[in-house]
Amino acid sequence: ETGVTQTPRHLVMGMTNKKSLKCEQHLGHNAMYWYKQSAKKPLELMFVYNFKEQTENNSVPSRFSPECPNSSHLFLHLHTLQPEDSALYLCASSQDRGPGQETEAFFGQGTRLTVV
Amino acid sequence: QKEVEQDPGPLSVPEGAIVSLNCTYSNSAFQYFMWYRQYSRKGPELLMYTYSSGNKEDGRFTAQVDKSSKYISLFIRDSQPSDSATYLCAMSTGGGNKLTFGTGTQLKVEL
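Heads up: the protein sequence lines correspond to chains Z and Y, in order. Under the working numbering, the first residue of the first sequence is numbered -9, with each subsequent residue one higher. Under the working numbering, the first residue of the second sequence is numbered 195, with each subsequent residue one higher.
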């Protein structure tokens, strides 16, 4: 099992539902990320949190709402999603020691989301 | 033009072959280069992590970075069926932060 755990592994939701994805890292890192992986497209960075503060929002629609209560936990709250939001959502973490001194990123297994 | 170009494959090789996987990129500010392996229905697993130009070897895997050509490679020696997966190149200006990925190359190693 990796040091980054995501739940649930699979999720099917209707367009009017509200759901949340959870990520927990056991690596002592201080930076966490949400990525989206769609078929035949590169992984896309969605959000970056450093020391629990959001430092990057990569033009993500407001129907995706991240939350980082502490440096070990990261959530992605979902509401009124569209079918094209169906994808694998991946959480990652790394250690940020300052500009240009971040360590490599480790990924969780992802949540396979299907919007119907 | 995509920031990172990677041939999606699929690439099929016989067991024991040497595999060469490549990516090109356009952003000269990239300093950190990574290769991830992703099995079906799994998250990406870090294989190699290199800084700037040069080579790095780890077992059967060798990563090469040529910043002057904006070209990175991953070589797999004595390939095994268990190496069958999608290989993703990734790069950043600052380590694990804000990675830019290629689309991934699907590799199949056949018996």
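A virtual CB, placed ideally from N, CA and C, is assigned to each residue, including glycine. None of the values given here were measured: they were computed from a predicted structure.
| Asked | Found |
| --- | --- |
| Simplified DSSP state of Y/ASP277, which is helix, strand or coil | helix |
| Cα-Cα separation between Y/SER278 and Z/MET22, rounded to whole angstroms | 29 Å |
| Stretch pair the region 207 to 223 of chain Y + the region 247 to 254 of chain Y: three plus CB contacts closer than 8 Å | no |
| Residues that Z/PHE97 contacts on chain Y, provided the C-beta gap is smaller than 7 Å | GLY237 and PRO238 |
| Close beta carbons around Y/LEU215, own chain, < 6 Å, minus the five adjacent residues each side | LEU268, TYR281 and THR299 |
| Any chain Z beta carbon closer than 7 Å to Y/PHE255 | no |
| Neighbour-count burial assignment, Z/HIS16, 16 or more Cβ in a 10 Å radius | exposed |
| From Z/PRO(-2), Z/GLU34, Z/GLN(-4) and Z/SER10, residue whose alpha carbon lies closest to that of Z/HIS69 | Z/SER10 |
| First through last residue of the beta strand (DSSP E) which encompasses Y/TYR233 | From DSSP, Y/TYR233 is part of no beta strand (DSSP E); its letter is neither H nor E. |
| Cβ of Y/ASP292 within 7 Å of any chain Z Cβ | Residue identity differs from the one stated: residue 292 of chain Y is Lys in this sequence, not Asp. Answer yes: the Cβ-Cβ gap between Y/LYS292 and chain Z drops below 7 Å somewhere. |
| Minimum Cβ-Cβ distance from Y/PHE224 to chain Z less than 7 Å | no |
| Identified DSSP bridge partners for Z/PRO56 | Z/LEU66 |
| Cross-chain neighbours of Y/VAL198 in chain Z, by beta carbon under 8 Å | PRO32 |
| Chain Y contact residues for Z/VAL106, given Cβ-Cβ distances below 9 Å | Per Cβ cutoff of 9 Å: no residues; Z/VAL106 is ~20 Å from chain Y at best. |
| Proximal chain Z residues relative to Y/THR297, where beta-carbon distance stays under 8 Å | LYS30, LYS31 and PRO32 |
| Y/TYR243 at chain Z interface by Cβ criterion, 7 Å | yes |
| C-alpha gap between Z/LEU78 and Z/GLN99, whole angstroms | 9 Å |
| Residue-chain proximity (Z/GLY100, chain Y), Cβ-Cβ < 7 Å | yes |
| Residue from Y/ARG231, Y/ILE266 and Y/SER234 whose Cα sits closest to the Cα of Y/THR244 | Y/ILE266 |
| Listed by chain order, chain Y residues near Z/LEU80 by CB distance under 9 Å | GLY237 and PRO238 |
| Z/ASN7 versus Y/ILE270 - alpha carbon distance | 45 Å |
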